[in-house]
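Shown next, in structure tokens, is the structure this report addresses.
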Amino acid sequence: MTAGRADPIGVDAPGAAAPVGRDLAQTLVFAGTLLLAAFLLFALQPIFTKRVLPVLGGTPAVWSVATVVFQGLLLAGYAYAHAMTRWLTLRASVVVHGLVLLAGSTFLPIAVATEAGAAQGGDEALWLVGLFLASVGAPFFALSASAPLLQAWYARSGNARAQDPYFLYRASNLGSFAALIAYPLAIEPVFGLAEQTRLWSAGYALAAGAVAACALTVLGGAHSRGPVAVTPEVACAAPSLASRLAWVGLSAVPSGLLVAVTAHVTTDVAAIPLMWVLPLALYLLTFVITFRSLATWPERPLAAVQVAGTAVVLGAAMIGRLPFAADLPLSLGLCFVAGLVAHRAVYRLRPAPSRLTEFYLCTSLGGMLGGLFAALIAPRLFSTVAEYPILLVAALACRPGALVAL
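For the sequence shown, position 276 matches number 428 in the numbering used here, and the numbering has no gaps at all.
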């Protein structure tokens, strides 16, 4: 693992003539839009899932299918954003994405699609997938592309910070974190489902307007002609296969560990309401902390904590269960530290902005693969939560100087 990388070469040097105030205002518009879009995406999942639950009598399968569907839609949104940046000009991508957002608005307000019919016997899971796609697939897809697409636009803005737009990803994760905390504590207790759907629809309209504002700040600039992310004079070499695999692998391990730790603390440690919120909140915070330039990074202390904590967990698994007072903070702490280590490694391997959407597509793929392993594959292979210690060991390979010495 390298200690860092040189400044990206995907855009021209920042324009000295651009006023500082304009650059700051533009950055705030982009960051605010990304935060709002992420908040809406995270809020939509519990809102719509709760609308579907009464239809099926509260079956637990709804939550599992919802997770898979939303992860798939997120990956599709990232793939769409990557295609837009590779083959369309900035102006064309703005028009196309505007039409996609408009198409998504035709599915509002959020409602259970009546054309999905009723579940037929053993095809309930497949029916649920169709129901989710028909009901909220379009608006979720439109918003999911915002994180990579708006960052690609920002990289073409001529802003003083456009050479390294990855810091904007922190705004997306802050939005997700805010929705995660706000929904169970402030939204669900105060508003009924009907009010929640109306508020979400209003938020979608606001987000679409904010995306338009972002587009207006970059259209007409010196960087708006040619493909969104690559022009002949600034094109850079394609990432190596090793780099792509590293993006996928470094994203898969903490994602899978998140699912494994959540299953562990909610089944083996304590079945406390909203316990699942804690590991997910810590997971999101790791992106906020790591996706920025830092003069120093506590690699050795984190590595020491990770190795020692993993040794304790593995040792305890052989001799018996840890007490609640030790198991809960240890499990959450290891999930947090592993996320910091892996996501910092991903950030250090980030490519030039001209390859930004490919980078996010690979990280999204890795996140989905890790979640699928822990949520669907491992439970069918093991009779206990064996994926937890397996992924703890895999997380050790994400440390600098381990298996990712690129």
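Glycine included, each C-beta is placed from N, C-alpha and C at the ideal position.
**Message:** Using only the alpha-carbon positions, how far apart do A433 and L332 sit?
**Reply:** Taking the Cα positions, A433 is about 7 Å away from L332.
**Request:** Please determine, among A195, A255 and V363, the residue with the shortest C-alpha to C-alpha distance to Y335.
**Result:** Checking every option, the nearest Cα to that of Y335 belongs to A195.
**Prompt:** Hey, would you say L351 sits closer than 8 Å to L188, going by beta carbons?
**Reply:** In this structure, L188 does not lie closer than 8 Å to L351 by Cβ.
**Asked** Taking all protein chains shown into account, do 16 or more other C-beta atoms lie within 10 angstroms of the C-beta of R262, making it buried, or fewer, making it exposed?
**Response** What sits at residue 262 in the sequence shown is Ile, not Arg. I262 comes out buried.
**Item:** Beta-carbon contacts of A455 that lie in its chain and below 7 Å, excluding the five residues immediately before and after
**Value:** The answer, listed in chain order, is R551.
**Asked** In or out: M470 buried (at least 16 other Cβ within 10 Å) or exposed?
**Response** So M470 counts as exposed.
**Alpha carbon of Y499 to alpha carbon of T442, nearest angstrom** = In this structure, the alpha-carbon of Y499 lies about 7 Å from that of T442.
**Request:** Name the two residues that bound the continuous alpha helix (DSSP H) containing S287.
**Result:** It is not in any alpha helix (DSSP H) - S287 carries neither H nor E in the DSSP assignment.
**Request:** State the start and end residues of the unbroken alpha helix (DSSP H) segment that holds F511.
**Result:** For F511, the enclosing alpha helix (DSSP H) covers residues L508 to L524.
**Request:** Can you tell me which of the three DSSP states T536 falls into?
**Result:** It is coil, neither helix nor strand.
**A478: CB within 7 Å of a non-hydrogen atom of the ligand PLP** = With respect to the ligand PLP, the structure offers nothing, as it holds no ligand at all.
**Request:** Starting from the C-beta of E539, find all residues in its chain whose C-beta is less than 6 Å away, skip the five residues before and the five after it, and write them out in chain order.
**Result:** Closer than 6 Å at Cβ, skipping near neighbours: A412, A526 and A530.
**Request:** Have a look at V181, F511, G256 and R496 and flag the residue whose alpha-carbon is nearest the alpha-carbon of L437.
**Result:** The residue with the shortest Cα to Cα distance from L437 is R496.
**Message:** Whether or not the stretch 472 to 480 and the stretch 364 to 372 are in contact is what I'm after, with contact meaning three or more pairs of Cβ atoms, one per stretch, closer than 8 Å; do they touch?
**Reply:** Contact between the stretch 364 to 372 and the stretch 472 to 480 is absent, because fewer than three Cβ pairs lie under 8 Å.
**Request:** In the DSSP assignment, find the alpha helix (DSSP H) that holds H249 and state where it starts and stops.
**Result:** It spans L242 to S257 - the alpha helix (DSSP H) in which H249 sits, taken as one unbroken run.
**Item:** L117: first and last residue of the uninterrupted alpha helix (DSSP H) it sits in
**Value:** Given that the chain is displayed from residue 153 to residue 558, the structure contains no residue 117 and the question cannot be resolved.
**Request:** Measure the beta-carbon distance from A286 to A255 and round it to whole angstroms, keeping in mind my assumption that it falls under 8 Å.
**Result:** With a Cβ gap of about 14 Å, A286 and A255 do not count as contacting.
**Request:** Could you tell me the distance, in whole angstroms, from the CA atom of Y318 to the CA atom of T515?
**Result:** C-alpha of Y318 to C-alpha of T515: approximately 13 Å in a straight line.
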